[in-house]
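Report on the following structure.
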Amino acid sequence: MLPLLYHHLWKKNKSFQSCPGIKLPDTVVYEHNFPRAWYTYDFKNSEILKRAGRFLDTHHIYQAFSKTAGGVDICAQYLFTSEGENGSTTSVEFMNPKDLEYFLNLRKSRPDGILQKFLPTAGCNAQIQVIWSPRVTLIQRRVNKNRI
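Under my numbering, think of the first position of the sequence shown as 1046, with each following residue one higher.
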């Protein structure tokens, strides 16, 4: 995962805007087993905000992420990358409010990754993957075959 991606999306450009046109669900970046940054989208001002560090505790995160919507029991998802024999693998853990409480309070190890509030859609969920190098940028969009 690229935790710095969220930092760059949040940063202001020369017009003092943070990546216009990009909306994202509440996202908490985890590094070294702890929450390091919380990014959210402000619909009123149409910009990405970085929440103050005083909100980076389990109580505030649980209060914001534990509400389910759209008749789906899933409230959050944790995305992380792990290294194995066959290279790196990106994994996604979907959590209901009880799983989220365990993740925040009792889980001993959290690999570097991002915790996102789960937002159900009317159709199939999609994910955009970007692979960058100095010579080429590859962008892929993945869509679930099944409706959630």
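In this text, a Cβ means the ideal position worked out from N, Cα and C, and glycines have one as well.
Selected residue, minimal CA-CA separation from residue i, among the options
i, options, result
"Gly1098", "Gln1174, Phe1079, Asn1090", "Phe1079"
"Ile1067", "His1077, Arg1081, Asp1087", "Asp1087"
Residue i versus residue j - alpha carbon distance
i, j, result
"Arg1152", "Ser1091", "35 angstroms"
"Arg1096", "His1105", "11 angstroms"
"Gln1122", "Leu1183", "24 angstroms"
"Arg1155", "Ser1136", "12 angstroms"
"Leu1160", "Leu1050", "14 angstroms"
"Asp1102", "Asn1141", "19 angstroms"
Cβ of residue i within 7 angstroms of any chain B Cβ
i, result
"Ser1178", "Here chain B cannot be found, since the structure has a single protein chain."
Burial state of residue i, where buried means 16 or more other Cβ atoms lie within 10 Å
i, result
"Trp1083", "buried"
Close-in-space but distant-in-sequence residues of the same chain around residue i (CB under 6 angstroms, 5 per side omitted)
i, result
"Leu1164", "Pro1070"
"Arg1081", "Val1074"
"Pro1179", "none"
Cβ shell of residue i (< 7 angstroms), same chain only, five flanking positions each side left out
i, result
"Phe1125", "Met1046, Ser1136, Pro1156, Asp1157, Gly1158"
"Tyr1107", "Leu1145, Glu1146, Leu1149"
"Lys1213", "Since the first and last residues shown for the chain are 1046 and 1193, residue 1213 lies out of range."
"Phe1100", "Trp1083"
Beta-carbon proximity check, residue i vs residue j, cutoff 7 angstroms
i, j, result
"Phe1110", "Lys1162", "yes"
"Ile1176", "Arg1186", "no"
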